[in-house]
Amino acid sequence: MMLVRNIFYLGLIWILFITIVNASSSLQHSSSHSSWIINSESENNSNSSNLPDINTLSYDQAYIKVISNVASALNCSQKLQIDEIELELWYVFDACYKCKSQLLLSTVTSESDYVAVSTTFGYRFNATIKSKTGQKNKLFLEFNQKFGEYGVYHIHINLTQTSGEARQLIEKIEIISKPYFSNIPIAVMFAILITLSIIWPIIIYFYKRSKRDSLEFQLQNLVNDGLKKDRMKSLDVFRGFCITIMIFVNYGGGGYWFFNHSYWNGLTVADLVFPWFIFIMGIAMPLSFNALDKRGTPKRLIVFKLVKRSVILFSLGLFLNNGQHLTHWRILGVLQRFAVSYLVTGLIMLFIPLWRPRVPDESIEEVQVMIGSPHSSSNNIQLVNSHDNQLLKLFEKNKFIDIFPYWIQWAVALAIFAAWFLIMFLLPVPGCPTGYLGAGGLSDDGRYPNCTGGAALYVDRKIFTLAHIFQTPTCQPIYNTGAFDPEGTVGYLTSIFICWLGVQAGRTILTYKSNRSRLIRWLLWSTLLCGIAAGLCQVSQNDGWIPINKNLWSPSFILLMAGFGYLVLFIMYIIVDIKKLWNGSPFIYVGMNPISIYMGHEILGGYFPFSFYMSQPTHTLYLLSNCIGVACWLLIAYQMYRNKLFINI
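Quick note, my numbering runs 282 ahead of the 1-based positions in the sequence shown.
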């Protein structure tokens, strides 16, 4: 029966995604690109027989051709040979901040060849006229343009018929073949997911209603009632949500730029989940250590478990990096960052002493309940005489009890956080400005081509050499950079701090049993952290003091991610744990087996049905492949949950 039901679910998912293909394909072919550019009225114009085959394009590409009268006009007026005047078209991507222009094409004839260009972002074009001797004409033209996917465009750059100083270059964009509206597949996918999210609870309700009198159902309810009541389901849901989005992004995200990591400064959907997972890991640490304390686990065993888990995580990360070629084995990575953040944060919690004021005897028992026993392995408490201290008054009123005892640990965590600033802004880097946070390559007019990330790249080169860091960073296609590791050494300092901010959320859970107290504090932390992040970046993508940058794991980035993390925890805690409006399915199943699902998707990602490839890739088929891959892992996680198979390290 279970096998039949699973086959039914897989068939249902397959039918739904085939619907995406059919619906989006028909809509795409009937959609036109909305823009200010001039549309060609005639479908059977004189150039139709010479049109390029758009089937040779990949998704997010279009064909352009430059048509110009410049050469003929200047040749006639200045009596030059036909090939002595050259029209050059230079470009800069809109997404490329302060970038040096690159040559797209040049032509000495009235028409250039067709050139395939990216449609992901817009272009800033400038057209110049150059003689064969290399001398540039003072005539100059600048214009902006955004092209549509699978479109064919003619860019007309003409010299006005007036003579002398009044002459100028003008442009006109002509659509020869209409582009597709590339966002239709993602819109259809979201519509289907929203529909499923509405229909699925109704199906489950009627299923349970039909089975409620059966013995199997009653026994299952007894088992569920016997489960631990104090487990925070929202934490598993949050963790599973992050892993699910991570799988979707790693499989390609349908080829959409907003499901890929940001090219340099800025934020995309893909940038959220990695820091959130570290934040969640921090939340779970006080809960885990507290459970070990209650079981009377010796401190040395807790340290052993901490180190063992960190070593296993780091080793799994090295395995995923595929060190078959030892000369180019990448050392750093995602799991490696989990490992180091977990280890350092855990050591701070275990070995940095806590502060605990000496209170009247009648209050000692109550305070120990709130902050732990003096003999606890993870709470090495120092007694301080402070009867008249204002902090003690707050302490006795149960205010900030989740912060004050840990101020020494906070000082250590903040010192690690401050080390990022010291290294990035004070470490001299040969050939680069001190404190440089730019992308290098074409950025800053190409003045610092080998300075990507400033001190961050310099430290990694000194420790690992260029051969052992990431070779194809996300900034490379736009900024034309070399190797740079987004999981680099300096970024570990800020990732440790976001893990520590997660620890704070976990301590709030342990300290305050009232939902209201927890929610108020999480909301305050969210507001505070997002406010500091907004101040650091000055609410600007590129022009702030410290821009939001996932590649550098900049302080503004991790503070914003922690602030968002507190907000998501706030919302999920209300929906899942308090109001019980949602049981967390399907993300909760992934959240209970995060490492096994993550490892599985990395290892098996190149195999069917987790992914498949097409002769002509489109957003529709790419999205279909990625969604089926994610759905498979959701089903695997569910089956592991049903069979009570939980793999921990």
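The C-beta atom is built at its ideal place from N, Cα and C for all residues, glycine as well.
DSSP three-state call for residue i: helix, strand or coil?
i	result
F760	Sequence check: residue 760 is Ile here, not Phe. In the structure shown, I760 sits in a helix (DSSP, three-state: H, G or I).
S312	Summary for S312: the model assigns pLDDT 38, below 50, so the residue's position carries little reliability, and this model does not support an answer.
V772	coil
T627	helix
R513	coil
T410	strand
V711	coil
F425	strand
Q618	helix
W558	helix
N930	coil
S479	helix
S492	helix
Q921	helix
Y545	coil
I466	helix
I336	helix
F766	coil
I791	helix
K576	helix
N532	helix
I646	Caution is warranted here: a pLDDT of 43 is assigned to I646, below 50, making its placement in the model unreliable, and no coordinate value can be reported.
Y740	helix
N732	coil
S394	coil
W782	helix
Y405	strand
By how many angstroms is the C-alpha of residue j removed from the C-alpha of residue i?
i	j	result
V519	P876	11 Å
P837	M843	10 Å
P829	Y718	12 Å
E370	N542	32 Å
K581	N572	12 Å
I870	C781	21 Å
V850	A701	28 Å
L739	C733	7 Å
T389	F375	21 Å
Y855	S400	42 Å
Y923	I910	20 Å
I455	A398	16 Å
M620	F556	Note on residue identity: the sequence assigns Phe, not Met, to residue 620. Computed Cα separation, rounded: 9 Å.
N547	N831	5 Å
S907	L600	27 Å
T776	S893	34 Å
R612	S459	45 Å
V932	L629	Any question about residue 932 goes unanswered here, given that the chain covers just 283 to 931.
I367	S350	12 Å
Y589	F488	Note on identity: in this sequence residue 589 is Val, with Tyr being the wrong assignment. About 48 Å.
I760	F746	25 Å
W692	R789	13 Å
S867	G813	33 Å
I683	L636	12 Å
F707	G713	15 Å
E647	I634	Per-residue confidence for E647 stands at a pLDDT of 43, beneath the threshold of 50, marking its modelled position as unreliable; no derived number is given.
P467	I411	42 Å
Beta carbon of residue i, beta carbon of residue j: below 9 Å?
i	j	result
G433	Y462	yes
E424	F403	no
L569	M514	yes
F938	A344	Absent from the model: residue 938. The displayed extent of the chain is 283 to 931, so no value can be given.
D342	W539	yes
M567	Y880	no
T550	I778	no
G537	H901	yes
C914	P899	no
I437	K347	yes
I594	I931	yes
F852	L801	yes
Which residues does DSSP list as the beta-bridge partners of residue i?
i	result
S388	E370
Q820	In DSSP, Q820 forms no bridge with anything.
Q343	S400
H436	K347 and E456
L451	L441
F375	Y405
I want to see whether chain D comes within less than 9 Å of residue i, judged by CB atoms only; does it?
i	result
L851	This model lacks chain D altogether, as it is built from one protein chain only.
| said: What ranges does the beta strand (DSSP E) occupy inside the segment 830-916, keeping only unbroken runs of at least 3 residues that lie completely in it? | reply: none
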